[in-house]
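Below you'll find the structure, written out as structure tokens, and then a few comments.
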Amino acid sequence: MVVMTQMSKGSNVALTATSLRVEIGWSPSATDVDASALLLTEAGRVRTDADFIFYNQPTHASGAAAHAGKVTGTDALTVDTTRLEPAVDRVVLAASADGGTFGQVPGLHLRVLDSTSSTELAHFDITDASSETAFVFGEIYRRGGAWKLRAVGQGYDSGLAGLAGDFGISVDDEPAPAPTTPAAPTPAAAPAPAPGGISLKKQRLIDLEKRLEKESPKLLDLTKRASISLEKRGLGEHTAKVALCLDISGSMNRLYRNGSIQALAERVLALGMRFDDDGEVDVFLFGKNGYQAVPLTLANNAGYVPAVVKEFGLEPATYYGKAMALLREHYFGSSSSRREPLAQPLPVYVMFVTDGQTFDEDGAREQVVSSSYEPVFWQFMAIGESSRPASAAAPTAAPPARGFLGKLRGAAPVGGSKGAGGGEFRFLEELDDMGGRYLDNADFFAVANPAEVDDDELFELLMTEYPAWITQARAKKLLP
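Numbering (the working numbering), first residue to last: 46 to 525.
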């Protein structure tokens, strides 16, 4: 039995049907509502105006989306996820107000139903509309090969032009009336109004902070700290996919047991919430084998790492390349050797965490070189226990090293039974500086214990080389 999900702003739910009826509803009022759908790529833009579906353009060429017609108090769309083209990453479900604002429309809501059975799958009530004349009710988006629905609930004071302009379309707020006499020569059109107020990305960040204020003040503080580092580098509204690769070899046992890796994962999630448009961090594991775990989210972050360790266990070896291969397959469809550039709309930022050397150096080298032709950046963090107890105030300072990371690189771990070089992290330094790549797509630093690194300092370390890589990736045509 399918149970309808009552959604709140920012929440998401897996879709259990592929043929969907989307109803934007309201109680009858002096203001009318017109539903629309926008088919977007990963870059958050339409490919052409043909990707905008509304009453005057009712059917997409692919047959994946259509305007289904209006009755009193409801305007409907249909979406068939099986017919959405590979380039389409999400479908925005929106509407414009005719004759007033959405704040003047009572009973606003979004319903998504299984078209085949008419079973209601999800319901989202809009209770905070005010002066908006265009509104994004929700979006259907692709995640890990599956389709999900997110409740958005945010709008534009500048009407349809503001909404469409944010997604790459220029339209007039009001259609011109049909001429009754021969038309005079048309003067040059004035530029379409700029999107009202703030961008959709900025609005999402605002909504995220409001949600975190209620649900997780700790994560709210972390996301604000992450934003400081990002704003300084011009990445305040940057969007990227975020992944976390965790070493599950036996030598990591103490760091898992004392909560250090859980604390690190929460900080990576905070970065992911700033970067990733669905607020999820994809998680990959490596020991003797490679695995992909369930994504790290706001809903499951408490106790996430202990649960993952319980499910997968710790293993008696370390193979970086196995997690790298899984990650490349997940994002780019292949882990094989690549020597030609592969462009994609969004970059992938990878936090790669280990406490020692790998058994597959050649395999890992090949994965890094091949991935340099793809829009992926590897941030390697090596963890080594300081010779001081965990209660010490800070990691032991290291001699000067390359650039900003000098004080943390070379932190002297103890133990280190993994592979040649023990805990000296020689191989990670090699990957950081390795030649033969399309562009430098990696950075490395070492800490004695991530739990002992200040939040602000950690976010600074995570952003040391990534902004420059973004610029280079665009110059090399890996990113638009």
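We put the beta carbon where it would ideally sit given N, CA and C, even for glycine.
All values derive from a computational prediction rather than experimental measurement.
Cβ-based neighbour list, residue i, same chain, cut-off 8 Å, excluding 5 preceding and 5 following
i: A139; result: A80, S81, A82, L83, A179, F180, V181, F182, L208
i: L371; result: F329, G335, Y336, Q337, S380
i: E356; result: A338
i: N298; result: L359
i: G108; result: D125, R128
Check whether residue i and residue j have beta carbons under 9 Å apart
i: P491; j: M426; result: Note that residue 491 is Ala in the sequence shown, not Pro. Yes.
i: V339; j: L289; result: no
i: A388; j: P512; result: no
i: K54; j: F169; result: yes
i: I185; j: V124; result: yes
i: F489; j: T403; result: no
i: A167; j: L194; result: yes
i: G378; j: G408; result: no
i: T126; j: L85; result: no
i: F147; j: A174; result: yes
i: S417; j: Y349; result: no
i: I98; j: A88; result: no
i: M479; j: R278; result: no
7 Å Cβ shell around residue i - same chain, five flanking residues per side excluded
i: E374; result: S380
i: S382; result: E411, S415
i: F320; result: H283, T284, A285, V287, Y394
i: E510; result: D488
i: W49; result: Note on identity: in this sequence residue 49 is Met, with Trp being the wrong assignment. Excluding sequence neighbours, M49 sits near E165, L166, A167, H168.
i: M52; result: V58, A167, H168, F169, A196
i: W71; result: V78, G118, V150, P151, G152, L153
Environment of residue i [buried if 16+ CB atoms lie within 10 Å]
i: A106; result: exposed
i: T516; result: exposed
i: V150; result: buried
i: L523; result: buried
i: G200; result: buried
i: A132; result: exposed
i: G204; result: buried
i: P73; result: exposed
i: S163; result: exposed
Neighbourhood of residue i by C-beta, 6 Å cutoff - its chain only, sequence neighbours within 5 removed
i: L314; result: V326, L341, N346
i: K333; result: E360, A362
i: Y376; result: V393
i: D94; result: I214
i: D501; result: R270
i: A518; result: P420, L524
i: G281; result: L275
i: F422; result: Y394, N486, Y511, W514
i: N57; result: K193, R195
Selection from the options that minimises the alpha carbon distance to residue i
i: S176; options: D143, R188, T161; result: D143
i: G401; options: V350, T268, E474, P351; result: E474
i: T76; options: G118, L194, D96; result: G118
i: A62; options: V157, A206, A285, F397; result: V157
i: Y100; options: G108, A113, R312, K269; result: A113
i: Q424; options: M479, G189, P386, N486; result: N486
i: Q307; options: T126, V354, T123; result: V354
i: G189; options: R135, M508, A352; result: R135
i: V197; options: T104, P73, L155; result: L155
i: P390; options: G481, P103, V91; result: V91
i: A310; options: D159, W71, S162, V398; result: V398
i: G317; options: G89, T268, A344, I171; result: T268
i: L153; options: D96, S141, N57; result: S141
i: P351; options: R384, N303, Y364; result: N303
Per DSSP, the bridge partner or partners of residue i
i: M426; result: V398, F490
i: L473; result: None, per the DSSP bridge assignment.
i: M508; result: Its beta-bridge partners do not exist; DSSP assigns none.
i: Y186; result: R135, K193
i: V328; result: L289, A338
i: A179; result: S141, Y201
i: D79; result: S141
i: E68; result: A121, R156
i: V116; result: T119
Proximity test, residue i beta-carbon vs the ligand ZN heavy atom, cut-off 8 Å
i: R195; result: This structure lacks the ligand ZN, and indeed carries no ligand of any kind.
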